[in-house]
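For the first sequence, our numbering gives the first residue as 1, with consecutive numbering after it.
What follows is one structure encoded as structure tokens, with my remarks underneath.
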Amino acid sequence: MTTLETTLDTLSNVSSPLILVDGSSYLFRAYHVPYLQALSTADGQPTGAITGVLNMFRSLKKDYPNGNIIAIFDAKGKTFRNDMYPEYKANRPPMPDDLRSQIAPIHDIITAMGLPLLVIPDVEADDVIGTLAKQADELGIETVISTGDKDMAQLVTPHVTLINTMTDVAMDVAGVSEKFGVRPDQIIDYLALMGDKVDNIPGVVKCGPKTAVKWLAEYETLEGVIANADKVKGKIGENLRDALEQLPLSYQLATIKCDVELEQTAGELAAGEPDVAALTELYTKYELKRLLADLGNGDKASAATDSKAKSGAAKSATVSTESAAEVTAVEVAQSQYDIIFDKALFNEWLVKLQGSGTFAFDTETTSVDYMKAELVGVSFAIEAGKAAYVPLTHDYEGAPEQLDKDWVLAQLKPLLESKIIKKIGQNLKYDANVLSHYDIELQGIDFDTMIESYCYNSVATRHNMDALALKYLDYKTVHFEDVAGKGAKQLTFNQIDIEKAGHYAAEDADITLRLHQAIFPALAQTPSILSVFTDIEMPLLAVLAKMEQTGVLIDSDVLADQSFSLGQRLDELEIEAHNLAGKSFNLGSPKQLQEILFEELKIPVIKKTPKGAPSTAEEVLQELALDYPLPKVILENRGLSKLKSTYTDKLPLMVSEKTGRLHTSYHQAVTATGRLSSTDPNLQNIPIRSEQGRKIRQAFIAPKDHKIVAIDYSQIELRIMAHLSNDKGLVNAFSEGKDIHKATAAEIFAVDLDEVTTDQRRSAKAINFGLIYGMSAFGLAKQLNIGRQQAQEYQDKYFQRYPGVLTYMEDTRQQASEQGYVETIFGRRLYLPDINAKNGMRKKAAERAAINAPMQGTAADIIKKAMLSVHEWIEAQNDVRIKMTMQVHDELIFEIHQDIVEETTQKLVTLMNNAVELSVPLIAEFGIGDNWDEAH
DNA sequence: AGCGGAGCCTA
DNA sequence: GTAGGCTCCGCTG
Numbered sequence: 001m002t003t004l005e006t007t008l009d010t011l012s013n014v015s016s017p018l019i020l021v022d023g024s025s026y027l028f029r030a031y032h033v034p035y036l037q038a039l040s041t042a043d044g045q046p047t048g049a050i051t052g053v054l055n056m057f058r059s060l061k062k063d064y065p066n067g068n069i070i071a072i073f074d075a076k077g078k079t080f081r082n083d084m085y086p087e088y089k090a091n092r093p094p095m096p097d098d099l100r101s102q103i104a105p106i107h108d109i110i111t112a113m114g115l116p117l118l119v120i121p122d123v124e125a126d127d128v129i130g131t132l133a134k135q136a137d138e139l140g141i142e143t144v145i146s147t148g149d150k151d152m153a154q155l156v157t158p159h160v161t162l163i164n165t166m167t168d169v170a171m172d173v174a175g176v177s178e179k180f181g182v183r184p185d186q187i188i189d190y191l192a193l194m195g196d197k198v199d200n201i202p203g204v205v206k207c208g209p210k211t212a213v214k215w216l217a218e219y220e221t222l223e224g225v226i227a228n229a230d231k232v233k234g235k236i237g238e239n240l241r242d243a244l245e246q247l248p249l250s251y252q253l254a255t256i257k258c259d260v261e262l263e264q265t266a267g268e269l270a271a272g273e274p275d276v277a278a279l280t281e282l283y284t285k286y287e288l289k290r291l292l293a294d295l296g297n298g299d300k301a302s303a304a305t306d307s308k309a310k311s312g313a314a315k316s317a318t319v320s321t322e323s324a325a326e327v328t329a330v331e332v333a334q335s336q337y338d339i340i341f342d343k344a345l346f347n348e349w350l351v352k353l354q355g356s357g358t359f360a361f362d363t364e365t366t367s368v369d370y371m372k373a374e375l376v377g378v379s380f381a382i383e384a385g386k387a388a389y390v391p392l393t394h395d396y397e398g399a400p401e402q403l404d405k406d407w408v409l410a411q412l413k414p415l416l417e418s419k420i421i422k423k424i425g426q427n428l429k430y431d432a433n434v435l436s437h438y439d440i441e442l443q444g445i446d447f448d449t450m451i452e453s454y455c456y457n458s459v460a461t462r463h464n465m466d467a468l469a470l471k472y473l474d475y476k477t478v479h480f481e482d483v484a485g486k487g488a489k490q491l492t493f494n495q496i497d498i499e500k501a502g503h504y505a506a507e508d509a510d511i512t513l514r515l516h517q518a519i520f521p522a523l524a525q526t527p528s529i530l531s532v533f534t535d536i537e538m539p540l541l542a543v544l545a546k547m548e549q550t551g552v553l554i555d556s557d558v559l560a561d562q563s564f565s566l567g568q569r570l571d572e573l574e575i576e577a578h579n580l581a582g583k584s585f586n587l588g589s590p591k592q593l594q595e596i597l598f599e600e601l602k603i604p605v606i607k608k609t610p611k612g613a614p615s616t617a618e619e620v621l622q623e624l625a626l627d628y629p630l631p632k633v634i635l636e637n638r639g640l641s642k643l644k645s646t647y648t649d650k651l652p653l654m655v656s657e658k659t660g661r662l663h664t665s666y667h668q669a670v671t672a673t674g675r676l677s678s679t680d681p682n683l684q685n686i687p688i689r690s691e692q693g694r695k696i697r698q699a700f701i702a703p704k705d706h707k708i709v710a711i712d713y714s715q716i717e718l719r720i721m722a723h724l725s726n727d728k729g730l731v732n733a734f735s736e737g738k739d740i741h742k743a744t745a746a747e748i749f750a751v752d753l754d755e756v757t758t759d760q761r762r763s764a765k766a767i768n769f770g771l772i773y774g775m776s777a778f779g780l781a782k783q784l785n786i787g788r789q790q791a792q793e794y795q796d797k798y799f800q801r802y803p804g805v806l807t808y809m810e811d812t813r814q815q816a817s818e819q820g821y822v823e824t825i826f827g828r829r830l831y832l833p834d835i836n837a838k839n840g841m842r843k844k845a846a847e848r849a850a851i852n853a854p855m856q857g858t859a860a861d862i863i864k865k866a867m868l869s870v871h872e873w874i875e876a877q878n879d880v881r882i883k884m885t886m887q888v889h890d891e892l893i894f895e896i897h898q899d900i901v902e903e904t905t906q907k908l909v910t911l912m913n914n915a916v917e918l919s920v921p922l923i924a925e926f927g928i929g930d931n932w933d934e935a936h
């Protein structure tokens, strides 16, 4: 090798990582895989472990085409650890013969492949890997250790990562911390504390991962734990002190030796050429047909699948479905699905789509996260049974050539952006979001089957396609998991064989079309439901897509500071709680807490959970906190740890790399009543009530020169109640702009408006809320902490003063019972299957829902209409300085440039006030600030 | 790894 | 008493 070549070789390290394969760990794992155990050659030589290990190498080659793969196996016989500790691995049974007999063949095959094979006596494979990893790390060579053994986590550095090739789980420094709860440099301490039953390494009795992590979090190292052993309370503390003497030995045993003498260093080891003749002989001998076939196709692994796919590529394949057995109501079995590989067929479809007026389509992507998803293919359907899939970026090895993605999208763009050509889809907001990343603004979004089903009946079914196909078409679709697998090994769509993928994708479009044909006519029979669908939900889809794309800005530093101080306080609280309990326990475990409180400390049980266990719910602890110290500590701990884990720790992790902002998902077809819901993250439950919680809103900030504007509807549900019941007293109170809770108090307690006490107002407020929730005297009594008798009196008084409300509620119950559903002002329906239930509890619950749904649902309708008019106005301004960023049920949040914030806010308030016309005024109130807390 | 329960955050 | 979502634990496969 010339100097130049050596230099180039070094330079190329970046793209050719060192792959250190822990052969022995895979050998044992593969040997125990059930479906491999059956494998053997005709003359009885077992080959399961051989196959398993070689599959793993094959997969590594595929994942790291440029990787420099080194195989390391344990040598026979004892190692230096046995000298240190004779009992080491004494519990291990001898290696079974049918495994032993597979080792030599594996070694032979690996050698014939040209891969360096290291089997070093007197040390374990771990030590050889550790040594090479350390050398590589020092040389700055990126290194991947392929292993199933968690002990290797101690070797992870910024340059050294782990991959478990059997489960496809990778781990870097952060991954180790995440998985184990300690840093890589604490792994040895962690292992030493826990010990290892299998290897016969002693540790601290009863110390598992939880305890080890806790101690190391507190004292950093094993040394630290040993130095502070006196401070550890309880039985486990005794166990620790009993183990003190032998912990250093455990530490030594768990330490991977990183200075094994080797003939070649990590920088020198490299693969040679495969010996094809030798491989052919070995594969033939052990009857490894698949590997033999691969060999015939040259170097490229998995080229075996090419021939079939390529013949399809030459002239577009037509695949017919094979699910005939399950088909009943629709004849999906006779469907003809095209998989389009060439321009001619694509153009044929394009013409058909253009002429169709309405077509169903679906995108296939690499991720369910719309911010990360990349387009893999698109599918279309024009009439039931006729669908096509256009694969674009399937990139598994041996994937056939596909049409150019940019070319296809350029052809489709006018079609997808046409308002005249109507689209049918299932959850089109997702497709719209994905397409927006390819500079396509999806328009003509007229029919979303998910929303059709939701408007038709929000509670009859979940609204995912599989459920809809089953309910409306009596057809079992091919599930994503059927084609992609599940769990850690799940493939992304680009990795799926095109014929399988094509059938799945085309069926999606086909089924979507058929669903539309089944659901839409049913929905359109009721004009009010059709109008909710057409005038509210479908137009809202694009508004939500836009808000999701916009995202919100958060200040991660503010949250990190909060996390830190919360963490400190939580540590203090934990120590305090352990002291009070007299032993260490998990504060977050209701079960453990219940044992401590009610069994060990003998605190009286106040309330039980539905399953009969003593409850440790907040209200219970609050009551106990008056008499005992521990519940108080627990309460503070719960509140703070919720804030830390859900918000201050989590939100910064969810910030998009692309935009630096937080992008939630709004779900339009989840709630029974018509509200939106929000996930990943849920932006609709950001704390506000507690002092600590409010601070989280301070991290929701405006960009430079902008302000956060929050506008919320005041008392919207009570106003709707006034409108619906047309109760004179209630309508008057709102028309005259009174403080509604105060007005209610004045009526119930028969005092003048200005004589209402704070306490009376508080009671009235609870009554008003109770009203919205379908109040019972029982619930009210609990809320106000008064007797049931008195609660009943309040309620009677209320209905006496507001008789229209009573009438309305009675009418609603009756209507629900007769029709089986209730409606919002705009005709959105909620079916109540339990309204005539025999079970009194269920019937009562359904009645409360019946009372609540028209109010909650109408409020949802109103804010949705407001969002539509606000969006329309913002679009018309064509001004990037105004952005709608969030919706929280009765509140809209905006980001507005400071130069125009005043007048824009006024305009938005007006738009919201006039979103609909009720018999009482609709009042929106605004706040302006540098962050959400200030604005609220 | 996936699930239910308990608990707690919001309107 | 209404409507949601998320995190934790602890069990089960």
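For each residue, glycine too, the CB sits at the ideal point set by N, CA and C.
Which first and last residues belong to the alpha helix (DSSP H) in which residue i is found?
| i | result |
| --- | --- |
| residue 454 | 449–456 |
| residue 1011 | Lying outside 1 to 936, the shown extent of the chain, residue 1011 is not represented and no answer is given. |
| residue 109 | 97–113 |
| residue 892 | Per DSSP, residue 892 belongs to no alpha helix (DSSP H); it is in the beta strand (DSSP E), 891–897. |
| residue 174 | 173–180 |
Can you grab the Cα-Cα spacing for the pair residue i / residue j, in whole Å?
| i | j | result |
| --- | --- | --- |
| residue 343 | residue 449 | 30 Å |
| residue 315 | residue 341 | At residue 315 the pLDDT is 27, less than 50, meaning the model places this residue with poor confidence and gives no usable figure here. |
| residue 555 | residue 769 | 35 Å |
| residue 816 | residue 485 | 44 Å |
| residue 928 | residue 856 | 27 Å |
| residue 133 | residue 372 | 33 Å |
| residue 524 | residue 870 | 27 Å |
| residue 359 | residue 424 | 6 Å |
| residue 931 | residue 195 | 50 Å |
| residue 848 | residue 488 | 43 Å |
| residue 634 | residue 623 | 13 Å |
| residue 481 | residue 765 | 50 Å |
| residue 329 | residue 544 | Residue placement at residue 329 is poorly supported in this model, since its pLDDT is 39, which falls under 50; the coordinates still yield a value, given next. Roughly 35 Å between the two C-alpha positions. |
| residue 656 | residue 225 | 39 Å |
| residue 735 | residue 722 | 10 Å |
| residue 762 | residue 718 | 16 Å |
| residue 615 | residue 571 | 25 Å |
| residue 748 | residue 741 | 11 Å |
| residue 31 | residue 99 | 7 Å |
| residue 435 | residue 375 | 8 Å |
List the DSSP bridge partners of residue i.
| i | result |
| --- | --- |
| residue 359 | 423 |
| residue 925 | 712 |
Measuring CB to CB, does residue i end up less than 9 Å from residue j?
| i | j | result |
| --- | --- | --- |
| residue 205 | residue 243 | yes |
| residue 105 | residue 66 | no |
| residue 613 | residue 592 | no |
| residue 519 | residue 472 | yes |
| residue 385 | residue 553 | no |
What are the boundary residues of the beta strand (DSSP E) that includes residue i?
| i | result |
| --- | --- |
| residue 267 | Element bounds for residue 267: n/a, residue is neither H nor E. |
| residue 938 | Lying outside 1 to 936, the shown extent of the chain, residue 938 is not represented and no answer is given. |
| residue 337 | 336–339 |
Pick out the complete beta strand (DSSP E) segments inside the region 380–439, 3 residues or longer, and give them in chain order. Here the runs fully enclosed are 386–391, 422–425.
Just list the alpha helix (DSSP H) runs in the region 741–791, keeping only unbroken ones of 4 residues or longer that don't cross its boundaries, in chain order. Runs of the alpha helix (DSSP H) inside the region 741–791: 758–772, 777–784.
Contained alpha helix (DSSP H) runs [length at least 4] in the region 799–849, N- to C-terminal order: If we require 4 residues or more, the alpha helix (DSSP H) runs fully inside the region 799–849 come out as 803–819.
Which residue spans inside the region 547–634 form an unbroken alpha helix (DSSP H) run of at least 4? The qualifying runs are 556–581, 590–594, 618–625.
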